[in-house]
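**Q** Under numbering that gives the first Met the number 0, the first residue of the sequence shown carries the number 0, and numbering increases by one thereafter. Even glycine gets a Cβ: it sits at the ideal position worked out from N, Cα and C.
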Amino acid sequence: MTSDPMSSAADVMSLPRAEFAFPGPLRDRLVAAILDGSKTATAALVAEYEHEGEPLPEVGDRSVVVDSAGRPVAVVEVSGVRMVPLAQVDLAHAVDEGEGYTGVAEWRAGHERFWGSAQMRAALEDPDFVVDDTTPVVLERFRVVTRLGPGG
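(1) With a 10 Å radius around its C-beta and 16 neighbouring C-beta atoms as the bar for buried, classify PRO71 as buried or exposed.
(2) Looking only at DSSP bridge pairs, what is GLU139 linked to?
(3) With a CB to CB cut of under 7 Å and the five nearest residues on each side skipped, what residues in its chain are close to PRO22?
(4) Report all residues from its chain with a CB closer than 6 Å to the CB of PRO15; omit the five preceding and five following residues, and keep chain order.
(5) Between ALA122, ARG120, LEU85, which has its C-alpha nearest TRP106's C-alpha?
(6) Counting along the chain, where does the alpha helix (DSSP H) carrying VAL64 start and finish?
(7) Between the alpha carbons of THR133 and TYR48, how many angstroms are there, rounded?
(8) How many Å lie between ASP10 and VAL74 at the Cα?
(9) Could you check whether the stretch 118-128 touches the stretch 45-60, counting it as contact only if at least three pairs of C-beta atoms, one from each stretch, sit closer than 8 Å?
(10) On the DSSP letters alone, give me the boundaries of the alpha helix (DSSP H) that PRO24 sits inside.
(11) What whole-angstrom Cβ distance do VAL83 and VAL129 have, given they're in contact under 8 Å?
(12) Which of helix, strand or coil does DSSP assign to ARG70?
(13) Does the Cβ-Cβ distance between LEU138 and HIS92 come in under 8 Å?
(14) Identify the continuous alpha helix (DSSP H) that holds PHE21 and give its terminal residues.
(15) How many angstroms separate the CA atom of GLU76 from the CA atom of ALA32?
(16) For LEU147, count neighbouring C-beta atoms within 10 Å of its own C-beta (all shown protein chains included) and say buried if the count is 16 or more, exposed if not.
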């Protein structure tokens, strides 16, 4: 983590929110992994960006990570972005997600459960949504630039 001039609450609150998973135990684990430095990468479906009408991330983009209660906990900056078919996610990415995966098959099984969950299908407004080898995935690398105290 480096120091960063972005310290005012107004600066932080002007950033887009980075919400990892849905609020609850999974988000809490992911946020903890970001804060302890073990999570330096994430994956999302292109379909998520399209559904939300949001642009794909770009190197240099910053966002504020929020916990399950919606509290800002850190500012992260994108350091790398790749878009690949699901079948091409590599071991380095799987490991860098900081979720304890030791293989790509294990990573994929966990992500398929998440992406195929009722919560994700509801978020995408598609009760039949499924992923396959060709599903486009955004692989993002990031770094923490600012850790925020309680309440931001």
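**A** Put simply:
(1) buried
(2) THR41, VAL80
(3) SER67
(4) SER62
(5) LEU85
(6) Careful: VAL64 lies outside any alpha helix (DSSP H), inside the beta strand (DSSP E) at 61-65.
(7) 17 Å
(8) 10 Å
(9) yes
(10) 24-34
(11) In fact, because the Cβ distance is near 18 Å, the residues do not count as touching under 8 Å.
(12) coil
(13) yes
(14) That residue, PHE21, is in no alpha helix (DSSP H); it is neither H nor E in DSSP.
(15) 16 Å
(16) buried
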